[in-house]
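Residue numbers (the working numbering), protein chains in the order written: chain A, 1 to 306; chain B, 1 to 157; chain C, 1 to 394; chain D, 1 to 141.
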Amino acid sequence: MYVLYLILYGFILTAVLGLIASWIDRKVTARLQYRKGPPFLQPFIDIIKLLGKETLIPREASRATFVFAPVLGFGSVLIVSTLLWANNNRLFNSFLGDIIVVVYLLAIPSISMMIGGFASGNPLARVGASREMKLLLGYELPFILAILVPIIKSDFSLSLGEILSVQAANGAFAGYASGILALIVCVAVMQAKLGLVPFDMPEAETEIMSGWMIEYSGTGLAIFRLMKNMLLFTLPFFLIILFLGGLNLSGIGILYSVLKYVVLLVIIIVIRNTNPRLRIDQAMRFFWGPVTGVAVIAVILALIGK
Amino acid sequence: MTREEILKDLKQRFKEDIVNFFDKSPKRVYMEIKPESLVKCASYIFKELKARFNIASGVDSRTAIEILYHFSLEYINLLVSLRVKLNRNNPQIDSLAPVFKGANWIEREIHEILGVDFKGHPDLRRLLLPDEWPKGVYPLRCDYTEWDKNAIRDRGV
Amino acid sequence: MAKSVIPIGPYHPLQEEPEFFTLTVDGETVVDIDVNIGYNHRGIEKLSELKTFDQSTFVIERICGICSTSHPFAYTRAVEDIIPVEVPERAKYIRTTIAEGERVHSHLLWLGLAGHFLGYNTVYMWVWKLREEILDVMEILSGNRNNYAIFKPGGVRRDFNPDDIPLALRKIDSIVPTLNKLKKAIIDDPVLHARLKGIGILTREDALDYCALGPTSRASGVAKDVRKDAPYGAYDQVDWDMIVTQNGDVFEKVVVRVLEVFESIKIMKQCLMNLPPGEIDLNIKNIPPGEGIGAHEAPRGETFHYVRSDGTNRPARHKVRAPTFMNLPTCKSTVIGETISDATIILASVDPCYCCTERMAVRTSEGKRIYGGQDLIRLSQEKTQRIRRKMGIK
Amino acid sequence: MSLTLRALLKSPWVFHLSTGSCNNCDIEVLDCLTPRFDIERFGMLLAPSIKHADVLLVTGSCNRKSAIRLKRLYEQAPKPCVVVAIGECSLSRGMFIHSYNCPLPLDKIIPVDAYIPGCPPKPEAIIMGAVKLIQKLKGTL
Numbered sequence: 001m002y003v004l005y006l007i008l009y010g011f012i013l014t015a016v017l018g019l020i021a022s023w024i025d026r027k028v029t030a031r032l033q034y035r036k037g038p039p040f041l042q043p044f045i046d047i048i049k050l051l052g053k054e055t056l057i058p059r060e061a062s063r064a065t066f067v068f069a070p071v072l073g074f075g076s077v078l079i080v081s082t083l084l085w086a087n088n089n090r091l092f093n094s095f096l097g098d099i100i101v102v103v104y105l106l107a108i109p110s111i112s113m114m115i116g117g118f119a120s121g122n123p124l125a126r127v128g129a130s131r132e133m134k135l136l137l138g139y140e141l142p143f144i145l146a147i148l149v150p151i152i153k154s155d156f157s158l159s160l161g162e163i164l165s166v167q168a169a170n171g172a173f174a175g176y177a178s179g180i181l182a183l184i185v186c187v188a189v190m191q192a193k194l195g196l197v198p199f200d201m202p203e204a205e206t207e208i209m210s211g212w213m214i215e216y217s218g219t220g221l222a223i224f225r226l227m228k229n230m231l232l233f234t235l236p237f238f239l240i241i242l243f244l245g246g247l248n249l250s251g252i253g254i255l256y257s258v259l260k261y262v263v264l265l266v267i268i269i270v271i272r273n274t275n276p277r278l279r280i281d282q283a284m285r286f287f288w289g290p291v292t293g294v295a296v297i298a299v300i301l302a303l304i305g306k
Numbered sequence: 001m002t003r004e005e006i007l008k009d010l011k012q013r014f015k016e017d018i019v020n021f022f023d024k025s026p027k028r029v030y031m032e033i034k035p036e037s038l039v040k041c042a043s044y045i046f047k048e049l050k051a052r053f054n055i056a057s058g059v060d061s062r063t064a065i066e067i068l069y070h071f072s073l074e075y076i077n078l079l080v081s082l083r084v085k086l087n088r089n090n091p092q093i094d095s096l097a098p099v100f101k102g103a104n105w106i107e108r109e110i111h112e113i114l115g116v117d118f119k120g121h122p123d124l125r126r127l128l129l130p131d132e133w134p135k136g137v138y139p140l141r142c143d144y145t146e147w148d149k150n151a152i153r154d155r156g157v
Numbered sequence: 001m002a003k004s005v006i007p008i009g010p011y012h013p014l015q016e017e018p019e020f021f022t023l024t025v026d027g028e029t030v031v032d033i034d035v036n037i038g039y040n041h042r043g044i045e046k047l048s049e050l051k052t053f054d055q056s057t058f059v060i061e062r063i064c065g066i067c068s069t070s071h072p073f074a075y076t077r078a079v080e081d082i083i084p085v086e087v088p089e090r091a092k093y094i095r096t097t098i099a100e101g102e103r104v105h106s107h108l109l110w111l112g113l114a115g116h117f118l119g120y121n122t123v124y125m126w127v128w129k130l131r132e133e134i135l136d137v138m139e140i141l142s143g144n145r146n147n148y149a150i151f152k153p154g155g156v157r158r159d160f161n162p163d164d165i166p167l168a169l170r171k172i173d174s175i176v177p178t179l180n181k182l183k184k185a186i187i188d189d190p191v192l193h194a195r196l197k198g199i200g201i202l203t204r205e206d207a208l209d210y211c212a213l214g215p216t217s218r219a220s221g222v223a224k225d226v227r228k229d230a231p232y233g234a235y236d237q238v239d240w241d242m243i244v245t246q247n248g249d250v251f252e253k254v255v256v257r258v259l260e261v262f263e264s265i266k267i268m269k270q271c272l273m274n275l276p277p278g279e280i281d282l283n284i285k286n287i288p289p290g291e292g293i294g295a296h297e298a299p300r301g302e303t304f305h306y307v308r309s310d311g312t313n314r315p316a317r318h319k320v321r322a323p324t325f326m327n328l329p330t331c332k333s334t335v336i337g338e339t340i341s342d343a344t345i346i347l348a349s350v351d352p353c354y355c356c357t358e359r360m361a362v363r364t365s366e367g368k369r370i371y372g373g374q375d376l377i378r379l380s381q382e383k384t385q386r387i388r389r390k391m392g393i394k
Numbered sequence: 001m002s003l004t005l006r007a008l009l010k011s012p013w014v015f016h017l018s019t020g021s022c023n024n025c026d027i028e029v030l031d032c033l034t035p036r037f038d039i040e041r042f043g044m045l046l047a048p049s050i051k052h053a054d055v056l057l058v059t060g061s062c063n064r065k066s067a068i069r070l071k072r073l074y075e076q077a078p079k080p081c082v083v084v085a086i087g088e089c090s091l092s093r094g095m096f097i098h099s100y101n102c103p104l105p106l107d108k109i110i111p112v113d114a115y116i117p118g119c120p121p122k123p124e125a126i127i128m129g130a131v132k133l134i135q136k137l138k139g140t141l
């Protein structure tokens with residue numbers, strides 16, 4: 001049963017939705033730039049093509065780690081998405097502290113990128129990986145602070161199921177001032193976690209030639225891309241569960257769910273297309289300064305019940 | 001200062017160094033000087049007359065290797081070219097790179113394509129030619145012939 | 001923290017051309033830089049000696065695709081300086097129009113690429129969309145998108161078709177509103193301010209010491225422009241301003257280039273509207289022995305050509321000095337002390353054009369290999385065969 | 001035709017290599033990405049690293065210094081990988097054939113699958129060349 005869930009929801013549904021989201025991203029970007037954009041199935045074709053290509057492992061790379069890194073990241077995203085779907089669909093009673101598990105698992109894709117970058121033995125990949133590490137240090141603090149808000153709101157419950165049922169009873173947390181502030185913080189963090197402009201310095205293609213990804217080819221690259229595309233669905237999904245009351249997959253509710261997701265996606269795309277890339281020190285300052293400040297305010301507001 | 005004053009000043013100041021003075025047109029002046037007084041003349045023109053160093057061009061004229069240092073004086077719209085003639089067998093001259101940084105790269109270039117030795121240049125490495133290019137073959141000398149037997153040149157001019 | 005060496009290039013998406021920078025970095029801060037060029041060296045100075053004076057124009061045009069009028073302009077002026085002659089008025093106006101059109105498209109090209117370097121792809125796409133319009137104007141006027149092939153010693157090769165001029169003027173006018181919008185969008189963008197202000201400062205003293213040229217030096221307060229200092233073509237007969245700013249950081253260089261686009265459009269429009277009638281070519285037959293120097297303010301700075309003739313129909317020596325040759329060494333004073341992320345945009349801010357610079361170091365930084373070249377080729381061929389079989393291609 | 005080959009033809013990622021060109025072809029290649037021509041509608045993307053590329057677009061006259069690099073990069077590209085020569089220079093070295101620094105034409109250094117002539121070829125011509133290459137690989141040309 002759980003295995004079926006893992007494959008059906010955790011992998012296939014998430015991957016398909018993620019790939020469609022990445023197509024929407026590319027298409028909307030193209031339209032913003034007065035271009036026509038890629039055909040609908042393009043992200044699927046890209047993945048299939050990459051799976052069929054030769055995988056080169058650089059001689060200086062540490063072989064096992066280099067191969068293992070994409071699998072690690074992919075696996076963690078798979079588990080996260082399964083957990084989220086399971087909670088969203090009330091498949092089983094969620095265990096206490098699954099929100100902590102999700103937060104930790106969401107850090108693993110970044111760590112897998114670092115491992116992959118450092119393992120490939122390329123100086124540019126090393127720079128990319130070290131930037132990823134700095135970025136991770138930057139955004140983790142405001143992210144956790146922002147996630148405290150729904151926890152506080154749902155009476156210090158550490159389970160996703162509890163958070164969802166509180167929201168089902170009292171309305172989504174985004175309706176409160178604290179919820180809105182925390183959501184804004186989370187959107188900024190999401191941009192960084194997804195590695196999109198203005199926080200794409202780990203893979204800045206014009207500076208360090210796609211950074212940590214530089215040495216990956218063929219299957220490794222395909223898994224990394226699939227992982228990123230799945231994250232493009234999983235991260236907004238996590239935010240929807242925390243702040244917007246989850247996805248309702250029955251009847252007319254499905255339209256409302258799609259709307260929630262598309263709004264978040266469009267915010268991501270618009271931010272990405274109207275900003276230049278920041279420097280890593282500017283990004284760190286941004287996350288530790290204003291973003292953490294807003295997150296702290298959100299937590300205080302949540303504590304006094306706003 | 002006007003054009004006449006500057007030219008008179010130059011003639012006066014470098015009386016011993018000038019071999020030949022050619023006032024070609026209102027905008028162009030060619031001054032042939034002795035190789036050993038190059039640094040003196042060039043620093044005077046660059047620093048005191050506030051000229052801009054355009055470039056140096058090296059020419060292999062079969063009898064000698066000439067290097068022309070072009071300076072432009074924008075405020076009177078005049079281009080002064082200092083010409084030095086070097087011995088073809090052992091071309092050597094003092095480097096201008098310590099005087100102003102603009103001369104650094106061009107001296108490296110002349111060094112590799114004409115084989116002129118710039119004494120006192122801080123960093124006389126190869127600039128343009130590939131690493132496997134043989135020593136002592138200078139492509140812009142007029143007696144240059146192809147050293148690479150593998151090169152394919154299969155089309156007429 | 002240990003210092004490490006970051007290679008940029010030679011094949012790097014930073015620029016469309018190959019170049020190789022070795023950045024020595026301490027963490028993210030650049031402590032030393034070495035430039036290794038020569039990947040574009042084609043020996044044009046030697047080639048030019050093999051061609052006749054007329055044929056050389058075409059070789060010179062292919063020194064660089066972006067500067068494909070600057071080099072012929074300077075070269076033809078050098079040849080005319082040998083004789084010496086003045087070209088007819090109409091030819092001067094035609095030359096000026098083409099040269100300014102090239103400046104517009106070159107600056108827009110750089111602006112787009114600068115957006116691309118900053119990860120701001122929207123700017124890149126928008127600017128290049130605008131650039132297509134200018135290329136259309138050039139195609140209307142000269143018949144070609146890039147290599148206009150319109151210069152020859154003593155005049156120009158083709159005349160403008162009088163019917164095309166109103167069309168070209170209309171097209172130029174239609175660009176201006178979009179350009180204005182773009183100017184506002186770029187100059188007022190707060191994130192661009194944060195990224196570009198105060199980085200890569202080239203002081204006035206350094207600009208003079210390195211003999212920097214063009215927008216690179218004009219952004220540092222050096223008011224030098226060949227078009228004003230030693231007027232040629234129609235530049236003394238049209239009304240335009242030299243753009244000079246004082247700070248010398250990357251942002252000022254962007255500003256100088258954006259504002260120069262407007263000046264160039266002004267010059268183009270005046271030239272097209274006041275095109276004098278008359279001859280376009282002097283039909284120069286013989287070039288006497290002598291030396292000539294020609295200079296032209298290319299989009300990146302002064303292009304300088306020295307031509308020597310020995311009385312035959314071929315140049316005895318042809319020296320080409322492109323602006324990047326003088327501008328690129330300034331990176332020593334601008335890049336050191338900045339971070340790697342800024343290094344790319346600073347290196348790009350001189351608008352480097354290696355094709356020009358190298359007219360005419362393979363370091364094994366990518367690791368030592370155990371196979372010889374032949375072995376590698378064999379291995380790679382075998383692998384290709386295997387995969388081809390797997391994929392069902394014969 | 002297998003699935004992977006079909007996918008490859010639908011999503012060729014290009015890597016652009018300049019081996020001593022006059023920059024014009026390179027600009028026209030970049031121009032193909034921009035709004036008027038937009039090759040992304042055929043699924044083509046400009047790959048940031050050679051390891052991600054399926055098509056090498058080579059421009060320029062292969063001078064001595066970059067020819068070595070070119071060869072090494074070709075070895076690094078994951079196969080299957082096709083090579084397209086763009087512009088007169090990379091076809092036959094054009095007017096640089098007598099230059100002392102351009103000893104060999106491109107197809108004597110690495111195998112070339114398609115040639116796009118022109119100085120520079122217009123973006124339309126480059127797109128046409130890519131389409132013909134795909135047809136050739138499909139076997140319909």
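Don't be surprised by glycine CBs; every beta carbon is placed ideally from N, CA and C.
### Query
Any idea if threonine 145/B is buried or exposed, counting beta-carbon neighbours within 10 angstroms, 16 or more meaning buried?
Per the 10 Å Cβ criterion, exposed.
### Query
Just checking, does the stretch 164 to 177 of chain C make contact with the stretch 236 to 256 of chain A on the three C-beta pairs under 8 Å criterion?
Result no; under three Cβ-Cβ pairs closer than 8 Å.
### Query
Using the C-alpha atoms, what's the distance from glycine 118/D back to proline 177/C?
Cα-Cα distance, rounded: 34 Å.
### Message
Spatial neighbours of arginine 35/A within its chain, please: C-beta separation below 7 Å, excluding the five flanking residues on both sides.
### Response
Contacts found: none.
### Query
Is the stretch 200 to 213 of chain C in contact with the stretch 239 to 249 of chain C, if contact means three or more CB pairs nearer than 8 Å?
Yes, they touch.
### Message
Given this structure, state the Cα-to-Cα distance separating leucine 221/A from threonine 96/C, to the nearest angstrom.
### Response
When rounded, the distance between both Cα atoms is 51 Å.
### Query
Does the stretch 123 to 141 of chain B come close enough to the stretch 39 to 55 of chain C to have 3 or more Cβ pairs within less than 8 Å?
Enough Cβ pairs lie closer than 8 Å, so yes.
### Task
Find out if the Cβ-Cβ distance for the pair phenylalanine 71/B, phenylalanine 100/B is shorter than 8 Å.
Not in contact: phenylalanine 71/B and phenylalanine 100/B (Cβ atoms no closer than 8 Å).
### Query
Quick one: is serine 2/D buried, meaning 16 or more other Cβ sit within 10 Å of its Cβ, or exposed?
Counting Cβ neighbours within 10 Å, serine 2/D comes out exposed, since fewer than 16 surround it.
### Message
If you follow the alpha helix (DSSP H) that lysine 266/C is in, where does it begin and where does it stop?
### Response
Looking at the DSSP string, the run of the alpha helix (DSSP H) that includes lysine 266/C is 250 to 273.
### Query
Which of the three DSSP states, helix, strand or coil, is assigned to alanine 316/C?
Residue state, collapsed to three classes: strand.
### Message
Given a cut-off of 8 Å on the beta-carbon distance, is the pair proline 276/A and leucine 213/C in contact?
### Response
Taking the C-beta atoms as reference points, leucine 213/C is found no nearer than 8 Å to proline 276/A.
### Residue of Ala343/C, Lys319/C, Thr330/C, Leu141/C minimising C-alpha distance to glutamate 109/B
For the residues Ala343/C, Lys319/C, Thr330/C, Leu141/C, the minimum Cα distance to glutamate 109/B belongs to Lys319/C.
### Message
If you measure between the beta carbons of alanine 125/A and alanine 182/A, is that distance less than 8 Å?
### Response
Pairing alanine 125/A with alanine 182/A gives a Cβ-Cβ distance that is not under 8 Å.
### Query
Mind checking whether histidine 73/B and arginine 83/B have CB atoms under 8 Å apart?
Before going on, a small fix: residue 73/B reads as leucine here, not histidine. No, Cβ-Cβ distance for leucine 73/B and arginine 83/B is not below 8 Å.
### Message
Taking the alpha-carbon of proline 122/B as reference, which of Leu86/B, Arg3/B, Lys85/B, His111/B has the nearest alpha-carbon?
### Response
The shortest C-alpha separation from proline 122/B is found at His111/B.
### Query
Could one say the Cβ of threonine 219/A lies closer than 8 Å to chain C's Cβ atoms, at least one of them?
Chain C contact via Cβ: absent.
### Task
Following the continuous alpha helix (DSSP H) through asparagine 88/A, name the residue where it begins and the one where it ends.
63 to 88 is the extent of the alpha helix (DSSP H) around asparagine 88/A.
### Message
Excluding the 5 residues flanking leucine 136/A on each side, which residues of the same chain have their C-beta closer than 6 Å to its C-beta?
### Response
Cβ within range, chain order: Ser110.
### Query
Checking contacts by CB at 8 Å: is isoleucine 39/D closer than that to chain C?
So, not an interface residue.
#### Entry: One or two residues paired with tryptophan 133/B in a DSSP bridge
In the DSSP assignment, no residue is bridged to tryptophan 133/B.
### Task
Assign phenylalanine 118/B to one of three DSSP states: helix, strand, or coil.
Strand at phenylalanine 118/B.
### Message
Residues in the same chain with beta-carbon distance under 6 Å from leucine 10/B, minus the five sequence neighbours each way, listed in chain order, please.
### Response
Excluding positions up to five away in sequence, the list is empty.
### Query
Which ranges does the alpha helix (DSSP H) cover as unbroken runs of at least 4 residues, wholly within the stretch 250 to 292 of chain A, from first to last along the chain?
Inside the stretch 250 to 292 of chain A, DSSP marks whole alpha helix (DSSP H) runs of 4 or more residues at positions 253 to 273, 280 to 286, from first to last along the chain.
### Task
Starting from the Cα of glutamine 191/A, find the closest Cα among Ile297/A, Ile48/A, Glu140/A, Glu60/A and give me that residue.
It is Glu140/A whose Cα lies nearest to the Cα of glutamine 191/A.
### Task
Whole angstroms is fine: what's the gap from phenylalanine 14/A's alpha carbon to asparagine 144/C's?
Phenylalanine is not the amino acid found at residue 14/A; the sequence shown has threonine there. Roughly 51 Å between the two C-alpha positions.
### Message
For alanine 69/A and alanine 295/C, I'd like the C-alpha separation in whole angstroms.
### Response
Cα to Cα, the separation comes out at about 57 Å.
### Query
If you measure from the beta carbon of serine 18/D to each beta carbon in chain F, is any gap under 8 Å?
Absent from the structure: chain F. Protein chains present are A, B, C and D.
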